[in-house]
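Working notes for the structure below.
Protein chains: 2
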Amino acid sequence: MAKAPRNGPYICGIDAALDVVSGKWKGLVLWELHTYGVRRFAELRRALPGVSEKMLTQHLRQMEEDGLVHRKVYAEVPPKVEYSLTESGAALNEALRPLGEWGRDRIRRDALDVVAG
Amino acid sequence: MAKAPRNGPYICGIDAALDVVSGKWKGLVLWELHTYGVRRFAELRRALPGVSEKMLTQHLRQMEEDGLVHRKVYAEVPPKVEYSLTESGAALNEALRPLGEWGRDRIRRDALDVVAG
DNA sequence: CTCCTCACTTACCAAGAGGTAAGTACCGCA
DNA sequence: TGCGGTACTTACCTCTTGGTAAGTGAGGAG
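Going down the list, the sequences are from chains A and B.
To convert, take the position in the first sequence, counting from 1, and add 939; that gives this note's numbering.
To convert, take the position in the second sequence, counting from 1, and add 939; that gives this note's numbering.
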């Protein structure tokens, strides 16, 4: 039985992987942490255009629970919290790389809109 | 401007890819079509334990719209419809392979429940 | 004294995802 | 005659996702 998965039981690996990355901002958080190594809460918020604080904390908590990110709290004032990828999170990011390339192809192919920047 | 993406505009490729695979059964449909090449509606329904007919048609229509699957209708009675992957769908499946492996690792690592069979 | 920043939490609300059940039109089998 | 299989559509309902707005508590800038 062990630990209960969010939406288990799973039928295959794709299932199990999509379960932890589904969530409007999780892919971006993963990407941001991969790019910068360590990021604070407010830095992530600024990096994700349009994210609400509620969703960001919610996603970060779930990702921590799923063993993707590490959360380091400094007992300071003002508060300081640093997020970084765990080994598992970094591996997930590697596994997402071909998917990201496919997505870029799709954007090119279909001339889809991309957020300005 | 071009074609409107389902949840665009996108921030990166991961976004664009996750958009077309998010949906409770899409990963499985992709996998099933990849494994068997061509499948009929009822075969897919039987392959996905617990899927409702509504969701299956809905997902298949979206995937057709997204250029992932090809739908071939035979003007017969009783009706016969065959689904298969397009080139783009097959490429997506390839791109999902490392993700599937990561997922299998996760299942092993955390001893998660898997559907019986 | 007031506002801003940090990293949240909480309450409330709207939209959408997904489930159940029924209907459709025709055929073959018993 | 009536049931099951073919591939759906439609209406209705619930649960989840995600957004908005406000509150928290201490410190530093103006």
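Here a beta-carbon is modelled for each residue, glycine too, at the ideal position from N, C-alpha and C.
Predicted, not measured: the structure shown is a model, and the values here were computed from it.
Assigned secondary structure, residue i (DSSP; H/G/I helix, E/B strand, else coil)
| i | result |
| --- | --- |
| L967/A | helix |
| E1021/B | strand |
| V990/B | coil |
| V1016/A | coil |
| A1055/B | Low confidence applies here, because A1055/B scores a pLDDT of 48, under 50, leaving its location unreliable; read the following figure in that light. Residue state, collapsed to three classes: coil. |
Beta carbon proximity, residue i to chain A, threshold 9 Å
| i | result |
| --- | --- |
| R1043/B | yes |
| V959/B | yes |
| S1027/B | yes |
| R985/B | no |
| P898/B | Look at the range of chain B in this structure, 940 to 1056, and you will see that residue 898/B is not part of it. |
| G952/B | yes |
| G976/B | no |
| A1014/B | no |
Chain-order list of residues whose beta-carbon lies under 6 Å from that of residue i (same chain, five-residue window excluded)
| i | result |
| --- | --- |
| L967/B | L987 |
| Y1013/B | K1019 |
Own chain, CB closer than 8 Å to residue i, minus 5 neighbours either side, in chain order
| i | result |
| --- | --- |
| R1010/A | L999, E1003, V1020, E1021, Y1022 |
| V1008/B | V968, L972, L999, M1002, Y1022, S1023, L1024, T1025, G1028 |
| R978/B | E971, L972, A986, E1021, Y1022, S1023 |
| V960/A | G966, L969, L1031, L1035 |
| G964/A | This sequence places Trp at residue 964/A; Gly is not what is there. Cβ neighbours of W964/A beyond the five flanking positions: L987, V990, M994, L995, H998. |
Distance between residue j and residue i (C-alpha atoms, nearest Å)
| i | j | result |
| --- | --- | --- |
| A1034/A | C951/A | 16 Å |
| R984/A | P1018/B | 52 Å |
| G962/B | V1016/A | 43 Å |
| N1032/B | K993/A | 33 Å |
| P1037/B | D1049/B | 18 Å |
| S991/A | E1040/B | 32 Å |
| I1046/A | A956/B | 9 Å |
| Y975/B | D1044/A | 26 Å |
| Y949/A | T996/A | 26 Å |
| G1042/B | A981/B | 28 Å |
| I953/A | D954/B | 17 Å |
Close-in-space but distant-in-sequence residues of the same chain around residue i (CB under 7 Å, 5 per side omitted)
| i | result |
| --- | --- |
| N946/A | D958 |
| D1005/B | V959 |
Cutoff 9 Å: residue i Cβ touching any chain B Cβ
| i | result |
| --- | --- |
| R1048/A | yes |
| Y949/A | yes |
| A956/A | yes |
ask   = What residues in the region 1030-1041 of chain B bring their beta carbon closer than 8 Å to a beta carbon of chain A?
value = A1030, L1031, E1033, A1034, L1035, R1036, P1037, L1038, G1039, E1040, W1041
query = Closer than 7 Å, Cβ to any Cβ of chain A: which residues of the region 961-974 of chain B, in chain order?
reply = S961, G966, L967, W970
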